[in-house]
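The structure appears below as structure tokens.
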């Protein structure tokens, strides 16, 4: 059974690559579910019985906010893998590219923010504050302010980081080609430093104020996570990632051990002034630089090595949970969790299971259909615009040709 699972997952991941249309990796989809669950465990902990009475286990679980890092490295990999060969700074590319990205993220985010805002009104929040928070959330502006980053759907701050990456990706990719990825990454850090300097000088509503905020909550501090994903994609597309050992999934194992070691290292940095290890200077280095590299190594292993981990992540169940992981991430804090715990059960595993059920149902009946509908409508409009543009060009050419013919006739007549 185990062997068949490994062969099955390997067939899916390798087949798409051999066909020349590398679009989908089931094991990476399953990894998204693990990343979302890590964030859940970071927020709610795990039952005492699972800690084995170990303070080290408790500390590691508390630092599982690194699930966000997994998301970011995956985003860097997948965006580069899908768009690198045709990316440009032209309007036609940006139009199609941004429609695809926003169709994936925005509809469900808007819905959850709207429901959360309505719920906030029922809990006694004033309409003015709710409206302000709603606008800051749906425009993603909240993610640029240390003061507002956790308003409403608190975990939504991370989507601002994601959206900024989407917008700058074509420029970042072209800069990486000309200057190299390290130079492009360094340039991103310089921009972040400039924004930090301006934000600190102006000191308005927490926008780009504080090294901790810029380093941990903005794209300009967390850019390395996306660049690591891009680097892995580039190496994989050029055939430079190969299994170092024939019978042992060395990359997969090293990536796993590296991530566990990083979590333990973060947990050891908790102390006075640092409720989480990631808030310490050393913790920022581990979170923003070391963790992404470990995740990149792990992803490389999933791409080229056979293992039971890859088979598990590529299984039908994990694939479904991975596809619904974005919804799970959006609803695991806030109105859905609060109402479920108040009206149904406060049992840890019941809540965890129900949030997953909600996420799967919302993915199947809301997120996925809305995504397809938006893409279809926008594709139709884009096609119509392209036809109109071509027609205008043809009409212009005809007009010029007619004018040239008249001019030529007049010239002949005058002769």
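Residue numbers (this note's numbering): 5 to 419.
No residue lacks a Cβ here, since even glycine has one placed at the ideal position from N, Cα and C.
Can you tell me whether DSSP reads residue i as helix, strand or coil?
i	result
residue 212	coil
residue 265	helix
residue 53	helix
residue 141	helix
residue 275	strand
residue 419	Reliability fails at residue 419, whose pLDDT of 42 lies under 50, so the model's placement of it is uncertain and the value that follows must be treated cautiously. Residue 419 falls in the coil class under three-state DSSP.
residue 96	helix
residue 397	At residue 397, the pLDDT of 45 sits below 50, so the modelled position is not reliable; the number obtained from the coordinates is stated separately. Here residue 397 sits in helix by DSSP.
residue 149	strand
residue 207	coil
residue 236	helix
residue 180	helix
residue 309	coil
residue 155	coil
residue 91	coil
residue 243	coil
With a Cβ-Cβ cutoff of 8 angstroms, do residue i and residue j count as a contact?
i	j	result
residue 169	residue 230	yes
residue 288	residue 219	yes
residue 365	residue 113	no
residue 316	residue 40	no
residue 173	residue 83	yes
residue 87	residue 101	yes
residue 263	residue 236	no
residue 245	residue 239	yes
residue 167	residue 79	no
residue 30	residue 371	no
residue 352	residue 51	yes
residue 199	residue 224	yes
residue 135	residue 147	no
residue 37	residue 319	no
residue 271	residue 67	yes
residue 61	residue 70	no
residue 77	residue 313	no
residue 301	residue 74	no
residue 221	residue 153	yes
Using only CA atoms, which one of the options lies nearest to residue i?
i	options	result
residue 424	109, 232, 113, 383	Past the edges of the chain, shown from 5 to 419, lies residue 424, and the structure says nothing about it.
residue 273	63, 32, 56	63
residue 126	343, 187, 46	343
residue 159	256, 278, 31, 72	72
residue 377	106, 299, 361	106
residue 360	325, 349, 374	325
residue 369	345, 327, 208	327
residue 336	45, 33, 28	45
residue 356	49, 55, 197	49
residue 259	306, 214, 285	306
residue 291	319, 304, 267, 99	267
residue 341	38, 47, 28, 42	47
residue 33	81, 58, 53, 345	81
residue 184	141, 234, 43	234
By Cβ distance, which residues of its chain are closer than 6 angstroms to residue i, with the 5 residues on each side in sequence left out?
i	result
residue 247	308, 309
residue 338	120, 157
residue 209	149, 151
residue 91	174, 177
residue 111	374
residue 103	382
residue 123	339
residue 144	164, 167
residue 286	273
residue 251	none
Apart from the five residues just before and just after residue i, which ones in its own chain have a Cβ nearer than 8 angstroms to its Cβ?
i	result
residue 138	117, 118, 121, 156
residue 179	187, 188, 191
residue 205	none
residue 275	284
residue 256	302, 305, 306, 309, 311, 313, 314
Within the same chain, show all residues whose beta-carbon is closer than 7 angstroms to that of residue i, passing over the 5 residues directly before and after it, in chain order.
i	result
residue 283	216
residue 362	335, 340
Does the distance between the C-beta of residue i and the nearest non-hydrogen atom of the ligand FAD fall short of 7 angstroms?
i	result
residue 362	Within the structure as shown, the ligand FAD is missing, as the structure has no ligands at all.
Note to self: List, from N- to C-terminal side, the beta strand (DSSP E) runs of 3 residues or more that fit wholly inside the region 278-306.
What the structure shows: none
Next item on the list: Tell me the start and end of each unbroken alpha helix (DSSP H) in the region 314-386 that is at least 4 residues and wholly inside, in chain order.
Entry: 320-327, 329-335, 339-347, 352-366
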